[in-house]
Structures are given as structure tokens and as C-alpha cells.
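For reference, the structure discussed in these notes is given below.
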């Protein structure tokens, strides 16, 4: 059985301890390090060869956004996934974290089983993007002016590819996209991979950003 190597980054010792106990309770996971600052998270990601970092956004010295950016930009850490933590109602920086290279976000008061499921999802290479919270969070942070898109726009996409991109942005997985559009799951997966290539996106999280920033999907739409 493959074991997911998890690094926990949070400036609150009790929060880290609680997450560590939960992660260690799963047979397919182990905690390989705990960081109290963003700088420590980057260093431990390098030395401990973590598969995934559960990253708080608000930390001293170096915040979680910049730490995520450094991890995503390091070729030696190309396989390291980042799952950021947000307080949801108060955090204005979730889109910045996704731009920086995070593969998704997690609400801090999430249920224990959902945290473990989120770790497995992101470690497997998928993005954790719940359609409701994603829409509301992005609607708030899109007010930030003069921010260049994370990737190119969807103008180069075919009509079918734009349909697929819109469904990705609404949080549908490949199987759900296939059912919605009358495609096979393999065809849906191929469309998503091709869209990522055309837009220069590293994962589905960046596809969501493109869809919202280009106006292809309007926050609040069903």
C-alpha cells in the first residue's frame, strides 16, 4: 500500500497536533514534518520529501501563499501538492493561493473524514474545488484590480472545450462532465488534459481561475 507523506504547516501548535493525530490514524498516511512558519514549510518540503503539504495561509515570517509559490516554482519539488487552509468567511487570499500553485483549499473547521478524503484527492493529482465555496470565494477576490490571469484565456479553445472548462469551474469531475455532455469518461479526461495544455495550466485549480477571470463562468451561476 502506498503511503502519502504529509507535511503540516500551521502557526498554531494545537491545530498541528490535532491534524497530526488525525493523519496518523489513517493507514495510508504518515506525518513527515510539522512547520510553524512558511519558511519552515518550504525547507521541510525539500528535506522530508513530502507528497503533500497542508498549508495554512496566515503564518509568520513567510505566509502560506508565498510558501506555496516557492514550492510550486521549485523543479525539485515538482511532485509536491499543496492543500491550503482557509477560514472561509474571513480569508480574502484563496485565489492568490490558487494562483501561487495550490491544488485546492480546505475549510479549517472541516470534518475529520473530509480532511482525510481531501488529502487523498489532492495527493492523487486531482484538485479539491467545491463548486459553491469556489464561486463565492472567487467572486470576492476578483475585485482585486490589475492582477494578470494565471494562464492564457480560453479564446483558443473549441466550443466543446469551453463547455468542458465551464463544467470544471463549477466543480464537476471527469465522470460528471462526461454524463452532462454525453461523452465517455476517457473523452472528458482527454478534453481536460488538452485544455490544460492549451492554457498552460498546471492543474484544474488554474483552469477554474481562467474560467472565472475570463467571464466564461460568472460567480453565483448554477
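Numbering (our numbering), first residue to last: 2 to 223. By construction, the Cβ of each residue, glycine as well, lies at the ideal position given by its N, Cα and C atoms. Computed from a predicted model, the values in this text were never measured in an experiment.
Could you say which of the options lies nearest to residue i if we only look at CA atoms?
i           : options               : result
residue 25  : 48, 158 and 9         : 9
residue 41  : 5, 66 and 62          : 62
residue 183 : 198, 196 and 161      : 161
residue 19  : 29, 35 and 97         : 35
residue 95  : 217, 216, 215 and 207 : 207
residue 216 : 178, 3, 155 and 78    : 155
residue 110 : 12, 205, 2 and 16     : 16
residue 64  : 48, 49, 175 and 97    : 97
residue 123 : 176, 74 and 105       : 105
residue 205 : 163, 127 and 185      : 127
residue 77  : 50, 68 and 66         : 50
residue 31  : 202, 2, 12 and 175    : 2
Residue i lies in the alpha helix (DSSP H); which residues open and close that run?
i          : result
residue 57 : First-last for residue 57: 53 to 57, but that is the beta strand (DSSP E), not the alpha helix (DSSP H).
residue 23 : 14 to 25
residue 71 : 65 to 74
residue 47 : 39 to 49
Mind checking if residue i is an interface residue toward chain D, Cβ cutoff 8 Å exclusive?
i           : result
residue 114 : This model lacks chain D altogether, as it is built from one protein chain only.
How about residue i and residue j: are their beta carbons less than 8 Å apart?
i           : j           : result
residue 33  : residue 6   : yes
residue 200 : residue 181 : no
residue 102 : residue 58  : no
residue 52  : residue 81  : yes
residue 27  : residue 117 : yes
residue 38  : residue 56  : no
residue 1   : residue 99  : No statement about residue 1 is possible, as the shown extent of the chain runs from 2 to 223 and does not include it.
residue 193 : residue 218 : no
residue 54  : residue 29  : no
residue 1   : residue 170 : In the structure as shown, the chain starts at 2 and stops at 223, and residue 1 therefore has no counterpart that could be examined.
residue 120 : residue 158 : no
residue 23  : residue 113 : yes
Comparing the CB of residue i with every heavy atom of the ligand FAD, is any distance shorter than 7 Å?
i           : result
residue 124 : For the ligand FAD, the structure offers nothing, since it holds no ligand at all.
Under DSSP, the beta strand (DSSP E) around residue i begins and ends at which residues?
i          : result
residue 34 : 30 to 36
residue 7  : 5 to 10
**Item:** the stretch 180 to 191 / the stretch 79 to 87 touching (three or more Cβ pairs under 8 Å)
**Value:** no
**Request:** Just list the beta strand (DSSP E) runs in the stretch 77 to 128, keeping only unbroken ones of 3 residues or longer that don't cross its boundaries, in chain order.
**Result:** 82 to 87 and 105 to 108
**Prompt:** Whole alpha helix (DSSP H) runs in the stretch 156 to 216 with 4 or more residues, listed along the chain?
**Reply:** 160 to 170, 175 to 182, 186 to 200 and 205 to 214
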